[in-house]
């Protein structure tokens, strides 16, 4: 609920809902992302995705079959490409989890959240010699 309220104040959710008026829902992928097209809008801005997860989303959540349509590489939708693609090989698409969760975040040796944190200083203070 809090992420939805943040999206409203941020303007993303409200802008998307207003922009969707008159748009055509082209398809929905297996993750739940919705793909829209509005042909009376400027070319290059008339295709977009509404992510299934409103508060936590990134571009790696778009499967490869929809990437081409979304970026104007092809006019075939992801559903059409899935029907054309042979199912002989391949792996299932997963989003990139970089930066998500403790097991995926890299912390340098000096970072406070790194379990192998350095406890020594990188410099030696100057000690004047006594005459």
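In the working numbering, the protein residues as written are 18 to 148.
Note that the Cβ used here is the ideal one computed from N, Cα and C, for glycine as well.
Residue range of the unbroken alpha helix (DSSP H) whose run includes residue i
i          : result
residue 85 : 81-87
Cut-off 7 Å between Cβ atoms - residues of its own chain near residue i, not counting five sequence neighbours on either side
i           : result
residue 110 : 80 and 81
residue 78  : 48, 50, 68 and 112
Cβ neighbour criterion (16 or more within 10 Å) applied to residue i
i           : result
residue 143 : exposed
residue 140 : exposed
residue 64  : buried
residue 76  : exposed
residue 52  : buried
residue 146 : exposed
residue 61  : exposed
residue 92  : exposed
Residue i (DSSP reduced to helix, strand or coil)
i          : result
residue 70 : coil
residue 44 : strand
Continuous beta strand (DSSP E) stretch holding residue i: start and end
i           : result
residue 109 : First-last for residue 109: undefined, no H or E at that position.
residue 51  : 51-54
Nearest residue (CA-CA) to residue i, options the options
i          : options              : result
residue 58 : 147, 95, 38 and 86   : 38
residue 88 : 40, 66 and 45        : 66
residue 56 : 84, 41 and 100       : 41
residue 45 : 132, 100, 108 and 94 : 94
Same chain, Cβ closer than 8 Å to residue i, five either side skipped, listed in chain order
i           : result
residue 102 : 82
Near the ligand COA: residue i beta-carbon under 7 Å from a heavy atom
i           : result
residue 142 : Ligands displayed in this structure: none; no statement on the ligand COA is therefore possible.
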